[in-house]
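In this note's numbering, the protein residues as written are 1 to 197.
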Amino acid sequence: MFHGDRWAAAFISTLGENAGAGLACLKALVPPVKTIPCALFGLGAALQLERLLRDAAGISRADGGPPADKPMEYAIRFISLLVEKDRFRYIDPLLRKIEKKLDDAKGILELTAESAFPMDSGFQESLRRKIEERTGAGIIMHVKVVPALLGGYRLRIGEFSIDASLKGQLEKMADNLGAISSTTAGRTGGLRSAEGF
């Protein structure tokens, strides 16, 4: 079982105020590591990868070499540890967890706005500003076009969502009509049995 929250917390606490820079280094190092064609796991692969990354970054561990950049140094060690423990396959969700923890610490909310048609940039800015005013948090807004919504929009902030789409309203109406018809059917059935008595 992979405990991504623990790995993310360890990464952030070890780097402290340099965690944002460390995340940037991770994001720069991960794509080329993913292109390595062989399986990456075990101590031997981790040591070989660490040497390769150090050479690519121009970081030397030997005395007399250039001083190591702490975020880059730790990013290299972190990737090597993931490879050694056969956990590198979890790197994408781990990067998202680290980024979310850093955003949470800064009071930044990540918002996804979905609409059936491309949103007007003025509407996007107005929406972002209103949410910032109400929450007091900085907003990072991602916009997606989802034609299945038919019209309107849907907002997602973490696990919380606001559905103001036409599809959502139609589904809600269908649920309400279904509840009404089942309640009415129950009452009608009760009347028939009383009449037949």
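Every residue, glycine too, gets a C-beta built ideally from N, C-alpha and C.
Inter-residue spacing [alpha-carbon to alpha-carbon] between residue i and residue j
| i | j | result |
| --- | --- | --- |
| I140 | K130 | 13 Å |
| K27 | N176 | 47 Å |
| G16 | A164 | 40 Å |
| F123 | Y153 | 11 Å |
| K106 | I157 | 16 Å |
| S147 | E132 | It should be pointed out that residue 147 corresponds to Pro in this sequence rather than to Ser. So the two alpha carbons sit approximately 27 Å from each other. |
| L23 | G136 | 25 Å |
| I12 | G178 | 50 Å |
| G138 | I108 | 4 Å |
| S80 | P93 | 17 Å |
| A10 | R77 | 13 Å |
| K34 | R128 | 35 Å |
| R89 | I59 | 25 Å |
| S126 | S182 | 42 Å |
| I180 | K172 | 12 Å |
| S121 | L102 | 27 Å |
| R51 | L155 | 45 Å |
| A57 | Q48 | 14 Å |
| L170 | R134 | 28 Å |
Option in the options with minimal Cα separation from residue i
| i | options | result |
| --- | --- | --- |
| N18 | R134, L52, L47 and D69 | D69 |
| P118 | I91, K106, H142 and L102 | H142 |
| M1 | P31, D104 and R87 | R87 |
| F160 | R54, D120, E110 and I12 | E110 |
| P31 | E171, R128 and I91 | I91 |
| T14 | L170, A45 and M72 | M72 |
| G20 | A45, D104, A46 and L49 | D104 |
Beta-carbon proximity list for residue i, same chain, < 7 Å, skipping 5 on both sides
| i | result |
| --- | --- |
| L202 | One cannot answer for residue 202 here, as it falls past the ends of the chain, which runs 1 to 197. |
| K167 | A148, L149 and L150 |
| A75 | G22, C25, L26 and L29 |
| F197 | Its pLDDT being 43, under 50, F197 is placed unreliably by the model, and the measurement read from it follows with that caveat. Nothing listed; no residue qualifies. |
Residues near residue i by beta carbon distance below 6 Å, same chain, minus five either side
| i | result |
| --- | --- |
| L82 | F88 |
| K144 | E114 |
| A46 | S80, V83 and E84 |
| I162 | L155 |
8 Å CB neighbourhood of residue i in its chain, flanking five on each side removed
| i | result |
| --- | --- |
| A174 | none |
Report task. Quick one: which unbroken alpha helix (DSSP H) runs of 4-plus residues sit fully inside the stretch 31-86? Chain order, please. Result -> List check, alpha helix (DSSP H) in window: 43-57 and 70-84.
Query raised in the report: Does the stretch 36-53 come close enough to the stretch 109-121 that 3 or more CB-CB pairs lie under 8 Å?
Result: Below 8 Å, too few C-beta pairs join the stretch 109-121 and the stretch 36-53 to call them touching: fewer than three.
Query raised in the report: Is it a yes or a no for the stretch 90-100 touching the stretch 1-16, going by three-plus beta-carbon pairs under 8 Å?
Result: They touch, by the three-pair rule.
Requested in this report: Scan the stretch 113-183 and note each continuous beta strand (DSSP E) run of 3 residues or more that stays entirely inside, going in chain order.
Outcome: Counting whole runs of 3 or more residues, the stretch 113-183 contains the beta strand (DSSP E) stretches 138-145, 152-157 and 160-165.
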